[in-house]
Structure formats: C-alpha cells, structure tokens
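Chemist: After the structure tokens below, expect a handful of questions from me.
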Amino acid sequence: MRRHLLSAAALLGLLAAPLAAPVVAGPADTPGEHAVVTAHPEATAAGEAILADGGNAFDAAVAITAALGVAEPYGSGLGGGGFFLLHEAHSDRTLMLDARETAPAAADRDMYLDEDGEVIDGLSLDGVLAAGIPGMPAGMDHLATEYGALSLERSLAPAIRLAEEGVTVGPRYQQMAEFRHQALRDGADAAGIFLRDGGPPEAGTELVQPDLAGTLRRLAAEGRDGFYTGELAQTLVEGVREAGGIWSTEDLAGYEVVEREPVRLEWNGTEIVTAAPPSSGGVAIGQILNILSFHDLDAMEEDARIHLILEAMRRAYRDRAEYLGDPDHVDMPLQRLLSRDYAAGLRAGIHPDQATPSDSLPPVVEPENRPGTDGAAESPQTTHFSVMDAEGNRVAATLTLNYPFGSGYVVPGTGVLLNNEMDDFSAKPGEPNAYGLIGFEANAIAPQRRPLSSMSPTFVDTGDRVAILGTPGGSRIITMVLHGILGVVDGQPIDEVVEAPRWHHQYLPDRVEFETGAFDTELRGKLVQRGHRLTPQVRPFGDMQAVLWEREAGRLEAASDPRGEGEARVFGR
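Residue numbers (mature numbering (1 follows the signal peptide of the UniProt record, and there is no 0)): -25 to -1, 1 to 548.
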C-alpha cells in the first residue's frame, strides 16, 4: 500500500520560473515521444529499452536507477538512497518519493566524537560505521509496484545484464577510484571489484560485478523483501557487524520509503515543484526566489544582480543550518521560512552595494565555535536523471551514496557498496561535514532519523512549457538547480541551461566559488569592490541532466551536461 506522509515541507507556493526548447512531439496534451537523459550512456540505453518495451517513465526510472548503480558505482547503488520527484499524467498528481537512508537504531548523538568531544577524523566517511540503512532497493520496488506498467523483474533486466557482462571503465570512474582508493582497499570485497593492483583500473577495463548481479536477481524475484528480510538481509547485517558496524536485521526489516508532498513554489506565473525535507533544496530555493521577487532582475546591472543573488544564497544556507532536518523527527518553521513576509525581512538586511559578512548575520552557533573557512572540496559524486514519457509522466531523480564510492565498503558476497550518509548528519554542532556544510540540533544523529540532504530534483511548469532539472554536486546542488531555474525563466535553450558557468555561496565558508568562465575580469573586480571573497574553482560544478517539453510548439528536448559523460535521447513510441 502507498504510504502518504505530508512532510511539513510543502505546504506553500510563493515563487517560480519559465523555459525554452526543441524536437518533434505530439498534441498539446502529451509529448507524443519519450525523453531520457542520464549521467551514463548505459543507463540512458536501459531507460530507452524499457520505454520501447511498453514501460512508462516510472519503469524507466527503475531501470535507470539500477543501471546507474552498476555503471557509476562511485555515485549511487543498492547500498544508497535518493529522492524521486514523480508526476503521474493521468491523475495530474505530483509527489516526492523519499528513499533516503536512515540511521540505525543503535546510532547515537555522539557516535563520531572522541572522549574529549572532538570529531574523529574519517569515522563518518570510511567503513561500515559511516553507513545508514539503504533506501534504494525499497524505492525501486515501490516505483515498480505502485506506478510501473512492467514487472520489477523486467525493469531490472538491463542492469543485471550490465553487471554480468561488464561496463567499460572511463575517465570519471578512474578519477573517483583514485580519490577513494584507500577506502576501497580497506573495504572488504571492494578492492577486488573496483581496483586493480590497489589502484584504479586502466581505461577500457571491463568492470564485471557477478555478486551484484546475484543481489539484483534476488531483488527482481522477491521485491523489497529479498533485500530487507531473509538470507540476504542476514548476510548484510553479519558483514556489517563483523567489520565493526551497528546494523541489525530489525533496521533493515523496518525500513520504509515515504511519499511526501513536495515543495510547491509560484513565481511570476510559473509553478516550481521541488524537493521537500529531508532535502533542504526546496526550502532554500524558495527563500532565495522570494527574496529575488522584490526586484526586477532584468533591469539590474550584472554585478548588482549577482550580488543580490549571492546575498540571498547566503541567507538561505544560514537558515538551512539552523532549522532543517528530518520532518518525521523535527518541527520546522516551514510556513514562516517560505513566506513572503519573512523574505522581506531578509531582503531588508541586504546592503545594495556591500556584501554582508556571514559572521554579522544572527549566529547559529557562538562565534568562537564557528568552523574555519576551508570546507572540503566538492566531488562530482551522486547522480541525476530526468525522464518524460510520451504520455507526459515524468521523473526527476537524484541518487547518492554520499561521498564517491560511499563508505568504500562492500559487504562480502553481496556486491552491495555501502553509503556513508551518516556524514550528512551534524556530528557535532557547528562542525562542517565533508562539503563544508554546518549543522545543528535539527540535523543531529538519532535512531531512524534521515540526514538532511541538498539533493533537489525539480519540475518547472509555465503552463505551455515543462522542464525537468537536477544535478549532483554536494552542497552546490541547490544553487546549481537555482541557476537552472533562472535560465529556464530567461527563455534559454535547455542545452545552454545545462552548459552555463556556475557560481555559489553557502554562508560558511564565507566565499564565492565560481567556475572558469563564470565571471570576466571586470565583473570580478566589481564583486570584490562590493566585499565578496572570490575563490575560483578548477574543477567543474555538477552534472546536470535536463528535459524540456514545449507544449505549444510540440517540441521535446533533452540535454546532458558536457561536464560529464552522460547521454540524452529523444525517441518515438
């Protein structure tokens, strides 16, 4: 049965955005064609095969999710979780399927602290103690059972074949394996699967995962119970506990996905539907857009517009740190945070010509306890895909293990690479996590609690045009999706939206991070004069995958971020 839990997150509507596009579609009420775009060609092919076999967007989502876990093990997999934003065309219903990981029942507030109360370096990132209870298998089963037209067995078939026959290692895989090689060396079966002679495999190596194929076959035959109960569940728990972890069979058996009401925003006549808590994305995007709604962005000089957006980002991330967490465990003032009146107050504190030092905002933690300004660099972990089928069903899904290759630990005999989502909790008030994000009591570790996330799958609907957006990118996901929304609003073609250079501010560290090409020399100078601390980033941000349906023109288009290795396809029934 469907479980409906109204996440206090979604209540409102106070903002929005429009779009642009190209490629033949059908009548105005349906696209008439399918669009699939993912971060890996094999996953795109899996989605296309399922749609060609009579499946709908939700069946394709199952196939893509499983295939990404095989082809991009550094970004997602059975041992992880994610958020699926769904729109069911025939019922005109939109919801968020929350398949986020949960903390084990034996987890406690101070589990990553030493006897002096200091965070133990690496304990929430590497090894089994870093792993939450996975949500991905339950999420796929729920999609297939409640919304799919095909069986789970049929939708998992492409991923099973890929795991058995192998996927070719490319540059992104090599980069991520090099970055996490030590965790993989220490991760039980991980080294034998993902490394060669202790290091990344050579480009062109075929990555074959027979144990993972066996686990996928069990899931295909038995559904969620094949993973969360019975022999496999016992094997998972025993493997985790033998390595020093705290999972129990009750943790697995008790895991449930949750259908949540998404955050709905309205801005200039456009509807934006995006992720609700335990994602912080929808609330933060809503706050930023509400602040911007008091200004005519088109009439502003470029440096003044960027300054305003940066200041709105700063304030949204500050509130993220103080207020947001798991809606099933934490009371959040969401109606206030997403109200136009609250945004007016935030806007009043923005100086039109000068950056506001983050330390001058109302403190979330005493100044002497604030973390330093050197947060960990974001890695291009996590993954996103977007799908629209010919009937107008659509899915935006952002999936993750958290850090590249998650915890680095593969439970022996299962092929299941475990997440390290426990690092997304606040291990200690005010201490930054791997992405430099700080957190407090709202996101403290507690049994069965879901850690706060930045994943922000999003739909944008102007009435005659619809966009599906999302990206990986750690703490920068929220601002990248915001850039995508604003690009769609400005009428940019969807390929330009995903290609555009990006920039970001997250309150702490107090700095503006930007991609090459985002700011020219003159603009940099103007922003510095306003007091912004600019930090250029050599590595690109994110890997956006987007679909655009222009109803009036009858055109459908999909675009895969050139920063990644993905593929977009638009094709007939």
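Backbone N, C-alpha and C define an ideal beta-carbon position, used for all residues, glycine too. Owing to the predicted nature of the structure, the values given are computational and were not obtained by experimental measurement.
1. What is the rounded straight-line gap between the Cα of Arg440 and the Cα of Leu191?
2. Throw me the rounded Cβ distance for the Gly57 and Leu374 pair, which I believe falls under 8 Å.
3. Are Arg371 and Phe434 touching if we call contact CB-CB under 8 Å?
4. Contact between the stretch 52 to 66 and the stretch 144 to 152: three or more CB pairs below 8 Å?
5. Which residue from Leu321, Ala402 and Asp518 puts its Cα closest to that of residue 629?
6. Under three-state DSSP, which class holds Met455?
7. Are Asn243 and Phe33 touching if we call contact CB-CB under 8 Å?
8. For a quick check, are the C-beta atoms of Glu246 and Asp4 less than 8 Å apart?
9. Could you check how far apart the C-beta atoms of Leu125 and Ala41 are, in whole angstroms? I think they sit under 8 Å.
10. Is Thr120 helix, strand or coil by DSSP?
11. Using three-state DSSP, classify Asp273 as helix, strand or coil.
12. For the alpha helix (DSSP H) holding Leu321, just list the boundary residues, first then last.
13. Out of Arg538, Arg544, Asp85 and Ala36, state which residue places its alpha-carbon closest to the alpha-carbon of Leu531.
14. By Cβ distance below 7 Å, which residues in the same chain neighbour Phe546 in space, the five residues on each side in sequence not counted?
15. For the alpha helix (DSSP H) that Glu527 lies in, which residues bound it at each end?
16. Applying the 10 Å Cβ sphere with the 16-neighbour rule, what's the burial state of Val463?
17. If you count every other CB in all the chains shown that lies within 10 Å of the CB of Gly219, and 16 or more means buried, which is it?
18. State the DSSP-derived secondary structure class of Phe59, mapped to helix, strand or coil.
19. Give me the Cα-Cα distance between Ala528 and Ala14, rounded to the nearest whole angstrom.
20. Roughly how far, in whole angstroms, is the beta-carbon of Pro252 from the beta-carbon of Leu313, given that I think they are within contact range, below 8 Å?
21. DSSP three-state label for Gly174, please.
22. So, with DSSP's three-state summary, where would you put Arg160?
23. Got a sec, what are the start and stop residues for the beta strand (DSSP E) Ile247 sits in?
24. What is the DSSP secondary structure of Phe494, counted as helix, strand or coil?
25. Is Pro342 helix, strand or coil when you go by DSSP?
26. For Asp436, list the residues DSSP reports as bridge partners.
27. According to DSSP, is Val(-3) helix, strand or coil?
28. Closest to Val339 by CA distance: which of Leu502, Glu276 and Glu297 is it?
29. Give the single residue among Ser255, Leu207 and Ser535 whose Cα lies nearest to the Cα of Pro112.
30. In the DSSP output, what is Asp73 paired with across the bridge?
31. Assuming Ile469 contacts Ala442 (C-beta within less than 8 Å), just tell me the rounded distance between them.
32. Would you mind stating whether Phe360 and Ile39 have Cβ atoms separated by less than 8 Å?
33. I'd like to confirm the pairing. Which residues does DSSP put opposite Thr358 in its beta bridges?
34. Leaving out five residues before and five after Gly167 in sequence, what residues of the same chain have Cβ atoms less than 8 Å from its Cβ?
35. Can you name, in chain order, every residue of its own chain whose Cβ lies under 8 Å from the Cβ of Arg193, other than the five neighbours on each side?
36. Closest to Pro515 by CA distance: which of Pro175, Pro447, Glu76 and Val391 is it?
Modeler: So, from the data block:
1. 37 Å
2. 3 Å
3. The sequence shown places Ala at residue 371, rather than the Arg named in the question. Cβ atoms of Ala371 and Phe434: closer than 8 Å.
4. no
5. Examination of residue 629 is not possible in this model, given that the chain is present from -25 through 548 alone.
6. helix
7. no
8. no
9. The Cβ separation is near 13 Å, so there is no contact.
10. helix
11. helix
12. Arg315 to Ala323
13. Arg544
14. Glu8, His9 and Glu23
15. No alpha helix (DSSP H) holds Glu527; DSSP gives it neither H nor E.
16. buried
17. exposed
18. strand
19. 27 Å
20. About 12 Å separates the two Cβ atoms, so there is no contact after all.
21. strand
22. helix
23. Thr245 to Thr249
24. coil
25. Residue placement at Pro342 is flagged as unreliable, the pLDDT there being 38, under the threshold of 50; the coordinate-derived value follows with that caveat. In the structure shown, Pro342 sits in a helix (DSSP, three-state: H, G or I).
26. Glu246 and Val441
27. Because the pLDDT of Val(-3) is 34, which lies under 50, any placement of that residue in the model is unreliable, and the number read from its coordinates should be weighed accordingly. It is coil, neither helix nor strand.
28. Glu297
29. Leu207
30. Phe58 and Val233
31. 7 Å
32. yes
33. Leu374
34. none
35. Gly201, Phe202 and Leu207
36. Pro447
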